[in-house]
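Enquirer: Letter by letter, the sequence shown follows residues 2 to 502 of our numbering.
Ideal Cβ positions, reconstructed from N, Cα and C, are used throughout, including at glycine.
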Amino acid sequence: MPPFYVTTPIYYVNDAPHIGHAYCTVNADAVARWHRLAGDDVFFLTGTDEHGLKVAQAAQANGMSPKQWTDALAPRFQAAWKDLRISNDDFIRTSEPRHHRTVQRFLEQIHRNGHIVKDTYRGWYCVGCEQYYAEDELVDGSCPVHGRPVEWYEEENYFFRLSAFQERLVDWFEADPERVRPAAKRNEALSFVKGGLQDISITRTSIDWGVPVPWDPSHVFYVWYDALVNYLTAIGYGEDEPRFATWWPAVHHLIGKEIIRFHCVWWPAMCMAAGIDPPAHVQVHGWLLVGGEKMSKSKLNQIAPGDLTSDFGVDAVRYHLLRDTPLGSDGDFSYEGITARYNSDLANNLGNLLARVATVVGSKCAGIGPAPDPHSRLAPVATEVVAEAAGAWAAFQPAAALEATWRLIRETNAELEAAEPWKAEPGPAVDAVLGSALEALRIVALLASPAMPDTAADIWRRLGLAGRPEERRMPADGAWGGYPGGLTVEKGQPLFPRRKG
Ligand code: MSP
Numbered sequence: 002m003p004p005f006y007v008t009t010p011i012y013y014v015n016d017a018p019h020i021g022h023a024y025c026t027v028n029a030d031a032v033a034r035w036h037r038l039a040g041d042d043v044f045f046l047t048g049t050d051e052h053g054l055k056v057a058q059a060a061q062a063n064g065m066s067p068k069q070w071t072d073a074l075a076p077r078f079q080a081a082w083k084d085l086r087i088s089n090d091d092f093i094r095t096s097e098p099r100h101h102r103t104v105q106r107f108l109e110q111i112h113r114n115g116h117i118v119k120d121t122y123r124g125w126y127c128v129g130c131e132q133y134y135a136e137d138e139l140v141d142g143s144c145p146v147h148g149r150p151v152e153w154y155e156e157e158n159y160f161f162r163l164s165a166f167q168e169r170l171v172d173w174f175e176a177d178p179e180r181v182r183p184a185a186k187r188n189e190a191l192s193f194v195k196g197g198l199q200d201i202s203i204t205r206t207s208i209d210w211g212v213p214v215p216w217d218p219s220h221v222f223y224v225w226y227d228a229l230v231n232y233l234t235a236i237g238y239g240e241d242e243p244r245f246a247t248w249w250p251a252v253h254h255l256i257g258k259e260i261i262r263f264h265c266v267w268w269p270a271m272c273m274a275a276g277i278d279p280p281a282h283v284q285v286h287g288w289l290l291v292g293g294e295k296m297s298k299s300k301l302n303q304i305a306p307g308d309l310t311s312d313f314g315v316d317a318v319r320y321h322l323l324r325d326t327p328l329g330s331d332g333d334f335s336y337e338g339i340t341a342r343y344n345s346d347l348a349n350n351l352g353n354l355l356a357r358v359a360t361v362v363g364s365k366c367a368g369i370g371p372a373p374d375p376h377s378r379l380a381p382v383a384t385e386v387v388a389e390a391a392g393a394w395a396a397f398q399p400a401a402a403l404e405a406t407w408r409l410i411r412e413t414n415a416e417l418e419a420a421e422p423w424k425a426e427p428g429p430a431v432d433a434v435l436g437s438a439l440e441a442l443r444i445v446a447l448l449a450s451p452a453m454p455d456t457a458a459d460i461w462r463r464l465g466l467a468g469r470p471e472e473r474r475m476p477a478d479g480a481w482g483g484y485p486g487g488l489t490v491e492k493g494q495p496l497f498p499r500r501k502g
């Protein structure tokens with residue numbers, strides 16, 4: 002089984018999870034689920050980024066030590082992901098001893114390789130970003146991301162000689178144009194590299210909430226320098242070589258657009274400096290906006306995933322996040338948007354298809370689902386849809402995969418409307434139409450299972466099929482003709498009752 006290692010960024014625990022975080026995590030989860038369905042050996046990692054000034058300040062503002070604060074906040078992320086049916090194989094917290102050990106080992110190696118030097122740093126720092134900015138990057142003297150004033154910092158610390166890696170980074174980008182996707186983001190990162198690289202300060206003496214520098218314990222590593230290493234900690238870097246070799250460098254980092262520089266410039270250079278291969282692939286996504294703005298604590302426009310799942314249901318929220326904002330673009334979240342998508346795709350198209358097929362199987366076939374017609378007009382449609390959806394899932398395009406899947410649903414509804422089996426006499430013609438609709442629903446359940454695991458399992462069960470869709474293999478089990486017929490079909494309650502919009 003080919004290995005497929007997929008990661009989300011690790012989330013800062015300065016605040017509770019919101020649907021922007023959920024957007025990234027659900028996309029990574031759906032892709033991981035697809036790869037399991039495709040028979041790959043999957044390792045899916047998420048977690049929390051617990052060091053740095055931003056988290057220390059949040060702890061202080063809440064009258065807690067950083068340790069108390071992060072111990073209180075990390076479980077909120079874990080609970081949110083459990084609620085959203087996230088299937089991560091590990092959850093890493095950067096305050097864990099295993100991570101401290103790995104950061105020290107990895108950076109010690111870079112130090113030994115001669116890529117870390119001591120110097121003085123002066124510059125504008127944004128605590129929100131945990132990043133220095135050059136004068137010309139500021140917007141009206143403030144941080145270009147947060148719009149808040151930056152602070153002047155001056156520190157003697159250790160520097161990573163990023164400038165020495167410019168050429169190797171250009172080669173890394175140019176050897177494979179698919180390393181960073183989409184292409185616009187790749188070009189952005191590449192032109193940043195070509196524009197010339199400055200060495201970066203990687204340690205701090207101003208705080209002690211971090212991983213101590215092994216060769217000079219008066220310093221801790223700068224939070225980004227420790228955070229990126231989480232991707233190695235979880236797969237046994239320096240501790241379990243066979244395990245590490247299984248998953249690295251076949252990794253896929255899913256990240257938001259504001260952290261491209263860290264993942265597509267610093268991170269590959271750090272890997273090169275430590276003597277390991279850089280990551281195979283970085284997939285960039287845009288932001289989920291609310292009222293045109295990025296969600297943030299200061300703007301009071303954050304929406305907790307739990308508020309949506311308790312209202313719309315988990316799978317409807319997952320579907321909306323995956324379907325409405327393709328990876329790479331920004332999307333605007335609104336109640337009108339999620340309601341409209343729910344009513345059109347879930348209630349009217351999918352829910353209605355299942356309900357009407359099950360009803361007519363009840364009235365014309367005594368509730369026993371007939372076998373599909375091998376010559377159904379839907380057969381070639383399904384074959385095409387399976388191929389298209391499989392390609393889209395493999396290319397990190399869940400929105401396109403779902404769009405293709407819903408084409409099969411619409412075509413099946415259209416076929417039923419043309420044949421009107423509810424008006425016909427029971428017999429082979431009605432059986433052929435209904436059996437084919439059941440077969441289309443079986444294939445839809447398989448294709449939709451990475452996005453909506455519980456709904457897919459529910460459809461599967463109502464069709465009379467044993468087990469769960471995720472126990473099958475795609476694309477093989479998506480071939481037309483898999484529904485055996487002769488199974489009891491259950492109508493049950495509407496899958497997605499229509500909502501007032
Ligand atoms: N801790 C760093 C990442 C370290 S990875 C080694 C960090 N944390 S974060 O919590 O600020 O952001 C984590 C991810 O959440 C980023 O990829 C970011 O783009 C994403 N999102 C945060 N708000 C978002 C939206 N409103 N919409 C979509 N994703 C956004 O950066």
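For Pro470, is the classification buried or exposed, using 16 other Cβ atoms within 10 angstroms of its Cβ as the cut-off for buried?
Expert: Buried, since its Cβ has 16 or more Cβ neighbours within 10 Å.
Enquirer: Across the stretch 236 to 254 and the stretch 142 to 155, are there enough close Cβ pairs to call them in contact, namely three or more that are closer than 8 Å?
Expert: In short, these stretches do not touch, since the Cβ pair count stays below three.
Enquirer: Need the endpoints of the alpha helix (DSSP H) that His101 sits in, please.
Expert: First-last of the alpha helix (DSSP H) with His101: 98 to 113.
Enquirer: For the ligand MSP, is there a heavy atom less than 7 Å away from the beta-carbon of Asp42?
Expert: Checking every heavy atom of the ligand MSP against the Cβ of Asp42, none is found closer than 7 Å.
Enquirer: For a quick check, are the C-beta atoms of Asn302 and His220 less than 8 Å apart?
Expert: Not in contact: Asn302 and His220 (Cβ atoms no closer than 8 Å).
Enquirer: I'd like the list of long-range same chain contacts for Thr247, defined as Cβ closer than 6 Å, with 5 residues on each side in sequence excluded.
Expert: These residues qualify, in order along the chain: Pro4.
Enquirer: Taking a contact to mean a Cβ-Cβ separation below 8 Å, would you say Val14 touches Thr49 in this structure?
Expert: Cβ atoms of Val14 and Thr49: closer than 8 Å.
Enquirer: If Leu505 and Ile20 are in contact, beta carbons under 8 Å, what's the gap, nearest whole angstrom?
Expert: The shown model of the chain, from 2 to 502, leaves out residue 505, and the question about it has no answer.
Enquirer: Taking the beta strand (DSSP E) that Thr9 falls in, what are its first and last residues?
Expert: Element bounds for Thr9: n/a, residue is neither H nor E.
Enquirer: Do you know whose CA, among Val146, Phe160, Leu198, Tyr484, lies nearest Glu168's CA?
Expert: The option with the nearest alpha carbon to Glu168 is Leu198.
Enquirer: Excluding the five sequence neighbours on either side, which residues of its own chain have a C-beta within less than 7 Å of the C-beta of Thr384, listed in chain order?
Expert: Once the five neighbours on either side are set aside, the close Cβ partners of Thr384 are Trp481.
Enquirer: Taking Glu131 as part of the beta strand (DSSP E), name the residues at either end of that continuous run.
Expert: Where Glu131 is concerned, there is no enclosing beta strand (DSSP E), given that its DSSP letter is neither H nor E.
Enquirer: Is Asp200 helix, strand or coil by DSSP?
Expert: Coil, per DSSP.
Enquirer: May I ask you to check if the CB of Gly21 is nearer than 7 Å to at least one heavy atom of the ligand MSP?
Expert: It does: the Cβ of Gly21 is within 7 Å (strictly closer) of some heavy atom of the ligand MSP.
Enquirer: Which two residues bound the contiguous alpha helix (DSSP H) that contains Trp216?
Expert: Element bounds for Trp216: n/a, residue is neither H nor E.
Enquirer: Threshold first: 3 residues or longer. Then list the beta strand (DSSP E) segments lying entirely within the stretch 261 to 324, N to C.
Expert: 282 to 286, 289 to 291, all fully within the stretch 261 to 324.
Enquirer: Tell me which residues share the same chain as Ile444 and place their Cβ nearer than 6 Å to its Cβ, disregarding the 5 neighbours each side in the sequence.
Expert: Same-chain partners within the cutoff: Ala383, Gly479.
Enquirer: Could you tell me how far apart the beta carbons of Leu466 and Cys366 are, in whole angstroms, since I believe they sit closer than 8 Å?
Expert: Between Cys366 and Leu466 the Cβ distance is about 16 Å, and since that is not below 8 Å, they are no contact.
Enquirer: What does DSSP give as the partner residues of Asp1 in its beta bridges?
Expert: One cannot answer for residue 1 here, as it falls past the ends of the chain, which runs 2 to 502.
Enquirer: Please name the residue, chosen from Cys25, Gly257, Ile236, that lies closest to Pro250 on a Cα-to-Cα basis.
Expert: The residue with the shortest Cα to Cα distance from Pro250 is Ile236.
Enquirer: Could you name the residues of the same chain whose beta carbon sits closer than 8 Å to that of Cys144, not counting the 5 residues immediately before and after it, in chain order?
Expert: Answer for Cys144: Cys127, Gly129, Cys130, Tyr134, Pro150, Val151, listed in chain order.
Enquirer: Please report the straight-line C-alpha distance between Ala81 and Pro306, rounded to a whole angstrom.
Expert: Taking the straight line from one Cα to the other gives about 7 Å.
Enquirer: Starting from Trp153 and walking both ways along the beta strand (DSSP E), at which residues does that stretch end?
Expert: Unbroken beta strand (DSSP E) run through Trp153: 152 to 161.
Enquirer: Where does Arg473 sit, in a helix, a strand or coil, going by DSSP?
Expert: Coil at Arg473, not helix or strand.
Enquirer: Following the continuous alpha helix (DSSP H) through Phe174, name the residue where it begins and the one where it ends.
Expert: Counting along the chain, the alpha helix (DSSP H) containing Phe174 begins and ends at 167 to 176.
Enquirer: Can you tell me which of the three DSSP states Phe44 falls into?
Expert: Note: Phe44 maps to strand in three-state DSSP.
Enquirer: Quick check on Tyr484: does DSSP put it in helix, strand or coil?
Expert: It is coil, neither helix nor strand.
Enquirer: Closest to Asp333 by CA distance: which of Gly287, Thr406, Tyr343, Arg357 is it?
Expert: Measuring from the Cα of Asp333, the nearest candidate turns out to be Gly287.
Enquirer: Using a Cβ-Cβ distance under 8 Å, would Leu309 count as near chain B?
Expert: In summary, chain B is missing from the structure at hand, where a single protein chain is found.
Enquirer: Under 7 Å from any heavy atom of the ligand MSP, does the C-beta of Asn231 make it?
Expert: Because some heavy atom of the ligand MSP lies under 7 Å away, the Cβ of Asn231 counts as near it: yes.
Enquirer: Could you give the distance in angstroms between the alpha-carbon of Leu54 and the alpha-carbon of Leu74?
Expert: Their backbone Cα atoms lie some 16 Å apart in a straight line.
Enquirer: Over the uninterrupted alpha helix (DSSP H) stretch that includes Arg443, give me the two end residues.
Expert: From DSSP, the alpha helix (DSSP H) with Arg443 extends over 429 to 449.
Enquirer: Between the stretch 169 to 189 and the stretch 200 to 211, do at least 3 Cβ pairs fall closer than 8 Å?
Expert: Result no; under three Cβ-Cβ pairs closer than 8 Å.
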